[in-house]
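These notes are about the structure you will find just below.
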Amino acid sequence: MSLTNQPTTMPATLEVVCTDDDCTLDMFELHYTYDMPDDTGVGDFTCPYCGEADTLEAVEL
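The numbers in my numbering rise by one with no breaks, and the one at position 22 of the sequence shown is 966.
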């Protein structure tokens, strides 16, 4: 089995928190695939629980 032409780094992950006081979702993590555009960020997603987009913030580690 050959692993040639495989990416040398893992795909990006993004930890996100919803800041909406009415939303009970604490934090979630997005796992990208290798073909996700490099400039993808928290602004491209909505909260999977409350559906809001402007209340999401990336967790900085």
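Here a beta-carbon is modelled for each residue, glycine too, at the ideal position from N, C-alpha and C.
One question on the structure: do residue i and residue j come within less than 8 angstroms of each other, judged by their Cβ atoms?
i, j, result
"T957", "H975", "yes"
"E959", "E973", "yes"
"C994", "D966", "yes"
"E1004", "V986", "no"
Mapping the DSSP letters down to three states, classify residue i as helix, strand or coil.
i, result
"V986", "helix"
"V905", "Since the first residue of the chain shown is 945 and the last is 1005, residue 905 is not available in this structure."
"M954", "coil"
"L969", "coil"
CB-CB under 6 angstroms to residue i, same chain, minus the five flanking residues each way: which ones, in chain order?
i, result
"T999", "C962, T963 and D964"
Exposed or buried, which one is residue i when buried takes at least 16 other CB atoms within 10 Å?
i, result
"M945", "Because M945 carries a pLDDT of 49, less than 50, the predicted location of this residue cannot be relied on, and no value is offered for it."
In terms of alpha-carbon separation, which member of the options lies closest to residue i?
i, options, result
"M954", "L1005, T977, E1001 and A997", "T977"
What residues in its chain sit with their C-beta under 8 angstroms from that of residue i, if we drop five residues either side in the sequence?
i, result
"T968", "Y993"
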